[in-house]
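**Q** Just dropping this structure here.
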Amino acid sequence: MDSFLDFVENKVKQDPSRKLLGSAAASLKASLRASGSSRIDDASMRIWIASMVIAGLRHSTRRKYLGELATAYRDWRDTDKKPDDSPEADNPFLSAKNLEKDFACQPLPPHAPENLNRIPRLLNLDPASAPYETASLFLYLLYNIDTHLQDAVSLRFSDPLPPLSQIEDIVESMRHTSPRKKYVFGLDQGKKRESQIIRDTIHAISRLLSDNGFDFGGEFSRDSILSLWTAAALKGGVPLHDIRAVLESIPREYSSLGLLARRELPSDTRNAILQKVADTINDNTPRWFVFRMRHGVTPHDVREAAEIFLGTAAGEIMYYHPTHTVVSLGRKGRRIKEEKPWLPGILFVRIRKDKISRLLRGIGHLAWCYRWSNTPDSPYCMISTAEMKAFQQHVGSFTSDIKMELLTRDTPLDISQTVRINGAGILQNRIGVIQSMRNANGTRTYTISLSSRDYATWTVRDIDEALLEPIIPDAI
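Quick look at the structure:
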């Protein structure tokens, strides 16, 4: 439909007084560009009307835009010299007027954009503070809008998580800051009825948000979360048709999205949109970056330089340099064991994105970070947490945040108990017998025999997650 927009542009050039027509055409072009459409049809008209309503254009202005373009469209059709066509035939702007009139009552300005600006107050809460868990639960619901409050209440550490780095960080923070054994969010599960837990949780979230300046124009509800998520999606540049595809229900503040047809998205596309919106809400979660160490440099050299340059802040950084044991025969037939890296010269570093530039200023002479392209302004390469865990499981070499832990049971596991490892990595699904247990300095060290020669030992603290599954001998 470029020829029609070119026609309008020439018309405005010939008559500069038609500023309203020029503004209408500019608004339409911006909507087409944002949606990736090149056609003026019913679908693109719906997106345009929705974008104008969301942008806060008055009903009278929208009607004037449609009227100006409807007249210009009729004039453009007249230039085609098709006498059989009615001047009003297939005029998309006249049809759009009927759609737009459903939004004649100008809604109040949405609260969601202002509320979105208050999210950092929740992100900066001290993990030791009382409201931290309530804020984490609220953010969990906000990042993953497919989750209902009932799902979050019953969420266990052993349950699968959506592949969003922010959600994984929330669950890990709950694992480390709370002594509970099963549930991610400790809400007196098992002591209260679920209905009572949900009422208490809604009240706690409402009070927390109110204390931090949030205003939902009424009671806090799931609709409030959907409004906040939609505001974040718009801020992050997600096209309207993608926002509509993700939303199963439409929040009241953005009711104009109901003009758009909902379509199914592939799971990876949907997850990418959810991650983009989560990054818009909180882009400072730690990520995995890929570093190339310079010749002769070791991971210890990098870690030492970072500690000298960053001081105590270096403690927040995690390093991962996976190795494996290579066994060879020496000259006298003796076996020689040697640790060799899976990826020579590569060091994975988990750090907040906003702190990586400062880190590089201190270790740049030892290592450099890969970028997506060979340009100075290209973003640094990042690896998702899900991809890194899959890699770690494949090579069987784990970072300190991936621990083999025992199942918390009413009846503790005993020596000689037959177990199956149901965690991940090279020992997954192996069956063995617990041979010994010992306590030292507040930790527990477990050793099991996997065969007459193979053993596995590990030391754990704050045992929460089930990675050992007791089994009966007949099931082996």
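For the sequence shown, the residue numbers in our numbering are 1 to 476. C-beta atoms are modelled at their ideal positions from N, C-alpha and C, and glycine is treated no differently. Given the structure is predicted, the values throughout are model-derived calculations rather than measurements.
Per the DSSP calculation, P286 is bridged to which residue(s)?
**A** Counted from its first residue, the sequence shown places residue 286 at position 286. According to DSSP, which records beta bridges pairwise, P286 is partnered with R352.
**Q** Quick one: residues in its chain with C-beta nearer than 8 angstroms to the C-beta of R294, no 5 flanking neighbours on either side, listed in chain order?
**A** One-based indexing of the sequence shown puts residue 294 at position 294. In the same chain as R294, and ignoring 5 residues on each side of it, the C-beta atoms closer than 8 angstroms to its own belong to H365, L366, A367 and W368, in chain order.
**Q** On the three-state DSSP scale, how would you describe A475?
**A** Within the sequence shown, the letter at position 475 stands for residue 475. Because A475 carries a pLDDT of 43, less than 50, the predicted location of this residue cannot be relied on, and the following value inherits that uncertainty. DSSP places A475 in helix when its eight states are reduced to three.
**Q** Check for me: the beta strand (DSSP E) holding Y319 runs from which residue to which?
**A** What you label residue 319 is simply residue 319 of the sequence shown in a count that begins at 1. Segment M318 to Y320, the beta strand (DSSP E) holding Y319.
**Q** In the DSSP assignment, what residue or residues form a beta bridge with E338?
**A** Counting from one through the sequence shown, the residue named residue 338 turns up at place 338. Paired residue(s): V326.
**Q** Looking at Q150: is its Cβ nearer than 8 angstroms to the Cβ of I198?
**A** Numbered from its first residue, the sequence shown carries residue 150 at position 150. Numbered from its first residue, the sequence shown carries residue 198 at position 198. A distance below 8 angstroms separates the beta carbons of Q150 and I198.
**Q** L240 and L260 - do their beta-carbons sit closer together than 8 angstroms?
**A** As a first step, residue 260 is located in the sequence shown; it is residue number 260 there, counting from the start. As a first step, residue 240 is located in the sequence shown; it is residue number 240 there, counting from the start. Going by C-beta atoms, L260 is nearer than 8 angstroms to L240.
**Q** Indicate whether K29 and L57 have their beta-carbon atoms separated by less than 8 angstroms.
**A** Against the sequence shown, residue 29 aligns to sequence position 29. Against the sequence shown, residue 57 aligns to sequence position 57. Going by C-beta atoms, K29 is not nearer than 8 angstroms to L57.
**Q** Could you tell me whether any Cβ in chain C is nearer than 8 angstroms to the Cβ of T323?
**A** The structure shown contains no chain C; it is built from a single protein chain.
**Q** Hey, is the segment 267–284 in contact with the segment 138–145, meaning 3+ C-beta pairs nearer than 8 angstroms?
**A** yes
**Q** Looking only at its chain, what residues have a beta carbon closer than 8 angstroms to the beta carbon of R371, apart from the 5 residues adjacent to it on each side?
**A** Position 371 of the sequence shown, counted from the start, is the residue given in the question as residue 371. Within the same chain, R371 has close Cβ partners S378, P379, Y380 and C381.
**Q** Pick out whichever of H148, E219, L137 and F309 has its Cα sitting closest to the Cα of V184.
**A** To locate residue 184, count along the sequence shown from 1; it is residue 184. Comparing Cα-Cα distances from V184 to each of H148, E219, L137 and F309, the minimum goes to L137.
**Q** Looking only at DSSP bridge pairs, what is L347 linked to?
**A** Walking along the sequence shown from the start, residue 347 turns up at place 347. Note: L347 sits in a beta bridge opposite F291.
**Q** If I measure Cβ to Cβ from L161 and keep anything under 8 angstroms in the same chain, skipping five residues before and after, which residues do I get?
**A** On the sequence shown, position 161 is the one that residue 161 refers to. Only I167, E168 and V171 meet the Cβ criterion.
**Q** Quick check on the DSSP output: what are the complete alpha helix (DSSP H) runs of length 4 or more inside the segment 14–46, in order along the chain?
**A** Counting only runs that start and end inside the segment 14–46, the alpha helix (DSSP H) elements of at least 4 residues fall at 19–35.
**Q** Could you name the residues of the same chain whose beta carbon sits closer than 6 angstroms to that of R409, not counting the 5 residues immediately before and after it, in chain order?
**A** The residue you call residue 409 lines up with position 409 of the sequence shown. With a pLDDT of only 48 at R409, under 50, the local geometry of the prediction cannot be trusted, and the value read off the model is given with reservation. Same-chain partners within the cutoff: there are none.
**Q** By Cβ distance, which residues of its chain are closer than 6 angstroms to R263, with the 5 residues on each side in sequence left out?
**A** By one-based count along the sequence shown, residue 263 stands at place 263. Sequence-distant Cβ neighbours of R263 in its own chain, meaning closer than 6 angstroms and more than five residues away, are A245.
**Q** Is it a yes or a no for the segment 69–80 touching the segment 120–136, going by three-plus beta-carbon pairs under 8 angstroms?
**A** no
**Q** So what does DSSP say about T298, is it helix, strand or coil?
**A** Counted from its first residue, the sequence shown places residue 298 at position 298. Coil at T298, not helix or strand.
**Q** What three-state label does DSSP hand Y370 in the structure shown?
**A** The residue labelled residue 370 in the question sits at position 370 within the sequence shown. Collapsing the DSSP output to three states places Y370 in coil.
**Q** Which first and last residues belong to the alpha helix (DSSP H) in which L57 is found?
**A** The count along the sequence shown starts at 1 and reaches residue 57 at position 57. Counting along the chain, L57 falls outside any alpha helix (DSSP H), and DSSP gives it neither H nor E.
**Q** Could you tell me whether the segment 246–257 touches the segment 284–300, using the rule of 3 or more Cβ pairs below 8 angstroms?
**A** no
**Q** Leaving out five residues before and five after M388 in sequence, what residues of the same chain have Cβ atoms less than 6 angstroms from its Cβ?
**A** For the purposes of this step, residue 388 is taken as the residue at position 388 of the sequence shown. Around M388: W288.
**Q** For a test of your reading of the model: does the CB of I243 fall under 7 angstroms from any non-hydrogen atom of the ligand ATP? Yes or no.
**A** The ligand ATP is absent from the structure shown, which contains no ligands of any kind.
**Q** Rounded to whole angstroms, what is the Cα-Cα separation between E219 and L359?
**A** Here residue 219 is taken as the residue at index 219 of the sequence shown, counted from 1. Here residue 359 is taken as the residue at index 359 of the sequence shown, counted from 1. If you take the alpha carbons of E219 and L359, they lie about 44 angstroms apart.
**Q** Assuming the contact rule is C-beta atoms closer than 8 angstroms, G525 and L310 should be a hit. Round their C-beta distance to whole Å, please.
**A** Outside the displayed range of the chain (1 to 476) lies residue 525, so it cannot be described from this structure.
**Q** In whole angstroms, what separates the C-alpha of D41 from that of K191?
**A** What you label residue 41 is simply residue 41 of the sequence shown in a count that begins at 1. What you label residue 191 is simply residue 191 of the sequence shown in a count that begins at 1. Using only the alpha carbons, I get a separation of about 57 angstroms.
**Q** What span of residues does the alpha helix (DSSP H) with E114 cover, start to end?
**A** Reading the sequence shown from its first residue, position 114 is the one you call residue 114. For E114, the uninterrupted alpha helix (DSSP H) segment begins and ends at A112 to L116.
**Q** Using the C-alpha atoms, what's the distance from A26 back to S206?
**A** Position 206 of the sequence shown, counted from the first residue, corresponds to residue 206. Position 26 of the sequence shown, counted from the first residue, corresponds to residue 26. In a straight line, the C-alpha of S206 is about 41 angstroms away from that of A26.
**Q** Please name the residue in T201, M174, T177 and H176 whose C-alpha comes closest to that of L187.
**A** In the sequence shown, counting from the first residue as 1, residue 187 sits at position 187. Each of T201, M174, T177 and H176 was checked against the Cα of L187, and the nearest Cα belongs to T201.
**Q** Would P299 and L347 be called neighbours here (beta carbons separated by less than 8 angstroms)?
**A** Position 299 of the sequence shown, counted from the start, is the residue given in the question as residue 299. Position 347 of the sequence shown, counted from the start, is the residue given in the question as residue 347. Yes, these two residues count as a Cβ contact at 8 angstroms.
**Q** According to DSSP, simplified to helix, strand and coil, what is Q275?
**A** Sequence index remark: in the sequence shown, residue 275 carries index 275 (1-based). Reduced to three states, the DSSP call for Q275 is helix.
**Q** Counting only the same chain and skipping the five closest in sequence on each side, list residues whose C-beta sits under 7 angstroms from that of G345.
**A** If you number the sequence shown from 1, residue 345 lands on position 345. R292 and M293, listed in sequence order.
**Q** Cβ of L164 within 8 angstroms of Cβ of L265?
**A** Counting from 1 along the sequence shown, the entry for residue 164 is found at position 164. Counting from 1 along the sequence shown, the entry for residue 265 is found at position 265. No, the Cβ-Cβ distance between L164 and L265 is not below 8 angstroms.
**Q** Is it right to say S44 is buried, meaning 16 or more other beta carbons lie within 10 angstroms of its own, or is it exposed?
**A** Position 44 of the sequence shown, counted from the start, is the residue given in the question as residue 44. With 16 or more Cβ atoms within 10 Å of its Cβ, S44 is classed as buried.
**Q** Residues in the same chain with beta-carbon distance under 6 angstroms from A231, minus the five sequence neighbours each way, listed in chain order, please.
**A** Taking the sequence shown and counting its residues from 1, the one referred to as residue 231 is at position 231. If we look at A231 and ignore the five residues flanking it on each side, its Cβ neighbours are A112, P113 and L116.
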